[in-house]
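As structure tokens, the structure follows; a few thoughts come after it.
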Amino acid sequence: MNFAVFASGNGSNLQMIIDAVKKKRIKGTLKLVFSDNAAAFALTRARKAKVPVVAHLDPKGFPSREAFDAACVEFLKKEKIDLVVLAGYMRILSPAFVRAYRDRILNIHPALLPAFKGAHAIKDAFEHGVKVTGVTVHLVDEEVDHGMILAQVPVEVSPKDTRQSLEARIHKAEHILYPKVIALFTAGKIKTKGPAGAV
Ligand code: GRF
9 MNFAVFASGN
19 GSNLQMIIDA
29 VKKKRIKGTL
39 KLVFSDNAAA
49 FALTRARKAK
59 VPVVAHLDPK
69 GFPSREAFDA
79 ACVEFLKKEK
89 IDLVVLAGYM
99 RILSPAFVRA
109 YRDRILNIHP
119 ALLPAFKGAH
129 AIKDAFEHGV
139 KVTGVTVHLV
149 DEEVDHGMIL
159 AQVPVEVSPK
169 DTRQSLEARI
179 HKAEHILYPK
189 VIALFTAGKI
199 KTKGPAGAV
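Its first residue numbered 9, the sequence shown is counted upward by one per residue in the working numbering.
Dropping the structure here:
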């Protein structure tokens, strides 16, 4: 199974995926790393790891989100990508993108969905004063931070935590969980139909 990782920023999750592919923990082929941001450190990581295709498209060069996503999908098809892994990709996918890869787009979110959707989940959970938060891996559908939940891990918040210390533990949990779920998915071990996710 060929898969692509989409990332807009640092790419620490991408790095863990690269490492898991190298160690053959993930049996799928990481064929493409894509970013909407030319300056994303994720692209540097991908080039260093010699991912076969490392690509960037600037959304400003397109008249609409739909047009940008259509170019992405065309590119994914051309590269024969079977699975799209979002790892800190900061754009909302258009419905046509979701339809083109229905049940074959994964996302990781730094909270226990459906709580704390959105781009500031760790901060929002911390400021809300929750005692437990965590990490979710889910299928992407037409709604933001929605779609079938495939796996979750809890992260406890201690009274001594600062936002930064909590953030660090959440990222650590992400780095363990995402490669595991991708390994299962690329091995065909995750059910994407039915009442509940399978991990
Ligand atoms: C992660 O916290 C992920 O859950 C969220 O964006 C962040 C990306 O971090 N969707 P990185 O670029 O993988 O370091």
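Every residue gets a Cβ at the ideal spot worked out from N, C-alpha and C, and that includes glycine. It should be emphasised that the depicted structure is a prediction, and the values quoted were computed from it without experimental measurement.
Next on the checklist: Rounded to whole angstroms, what is the Cα-Cα separation between GLU164 and VAL140?
Outcome noted: Here residue 164 refers to the residue found at position 156 of the sequence shown. Here residue 140 refers to the residue found at position 132 of the sequence shown. Those two C-alpha atoms are separated by around 4 Å.
Item to check | Rounded distance between the beta-carbons of ALA48 and GLY69, thought under 8 Å | outcome: On the sequence shown, residue 69 is found 61 positions in, with the first residue counted as 1. On the sequence shown, residue 48 is found 40 positions in, with the first residue counted as 1. So it is not a contact: roughly 16 Å between Cβ atoms.
Item to check | Inter-residue spacing [alpha-carbon to alpha-carbon] between ILE184 and ARG73 | outcome: Position 176 of the sequence shown, counted from the first residue, corresponds to residue 184. Position 65 of the sequence shown, counted from the first residue, corresponds to residue 73. ILE184 and ARG73 have their C-alpha atoms spaced approximately 32 Å apart.
Checklist entry - Are the CB atoms of VAL106 and ILE25 nearer to each other than 8 Å? => result The residue you call residue 106 lines up with position 98 of the sequence shown. The residue you call residue 25 lines up with position 17 of the sequence shown. The answer is no: Cβ separation not under 8 Å.
Item to check | C-alpha gap between PRO60 and HIS136, whole angstroms | outcome: For the purposes of this step, residue 60 is identified with residue 52 of the sequence shown, where counting begins at 1. For the purposes of this step, residue 136 is identified with residue 128 of the sequence shown, where counting begins at 1. The straight-line gap from Cα to Cα measures roughly 43 Å.
Item to check | Proximal residues to MET98 (C-beta, below 6 Å), its chain only, five neighbours per side dropped | outcome: Position 90 of the sequence shown, counted from the start, is the residue given in the question as residue 98. The answer, listed in chain order, is SER16.
Checklist entry - Cβ-heavy atom distance between ILE116 and ligand 1 below 7 Å? => result Counted from its first residue, the sequence shown places residue 116 at position 108. For ligand 1, at least one heavy atom lies less than 7 Å from the Cβ of ILE116.
Checklist entry - Can you tell me the Cα-Cα spacing of VAL1 and HIS179, whole angstroms? => result As shown, the chain starts at 9 and ends at 207. That puts residue 1 outside it, with no answer to give.
Checklist entry - In terms of residue numbering, what span does the alpha helix (DSSP H) encompassing ILE190 cover? => result Counting from 1 along the sequence shown, the entry for residue 190 is found at position 182. Per DSSP, ILE190 belongs to the alpha helix (DSSP H) from 171-194.
Checklist entry - Would you say the beta carbon of ASN45 comes nearer than 7 Å to a heavy atom of ligand 1? => result Counting from 1 along the sequence shown, the entry for residue 45 is found at position 37. Because no heavy atom of ligand 1 lies under 7 Å away, the Cβ of ASN45 does not count as near it: no.
Checklist entry - Among all the DSSP beta bridges, which residues are the ones paired with HIS128? => result Within the sequence shown, the letter at position 120 stands for residue 128. Answer is none; HIS128 lacks a bridge partner.
Item to check | Euclidean distance between Cα positions of SER173 and ASP90 | outcome: Walking along the sequence shown from the start, residue 173 turns up at place 165. Walking along the sequence shown from the start, residue 90 turns up at place 82. Rounded to whole angstroms, SER173 to ASP90 spans 36 Å at the Cα level.
Checklist entry - What span of residues does the beta strand (DSSP E) with PRO162 cover, start to end? => result The residue given as residue 162 occupies position 154 in the sequence shown. It spans 157-164 - the beta strand (DSSP E) in which PRO162 sits, taken as one unbroken run.
Item to check | For LYS85, the three-state DSSP class (helix, strand or coil) | outcome: Within the sequence shown, the letter at position 77 stands for residue 85. It is helical.
Checklist entry - Is it true that the CB of ILE130 sits closer than 8 Å to the CB of HIS146? => result In the sequence shown, residue 146 corresponds to position 138, counting from 1. In the sequence shown, residue 130 corresponds to position 122, counting from 1. Cβ atoms of HIS146 and ILE130: not closer than 8 Å.
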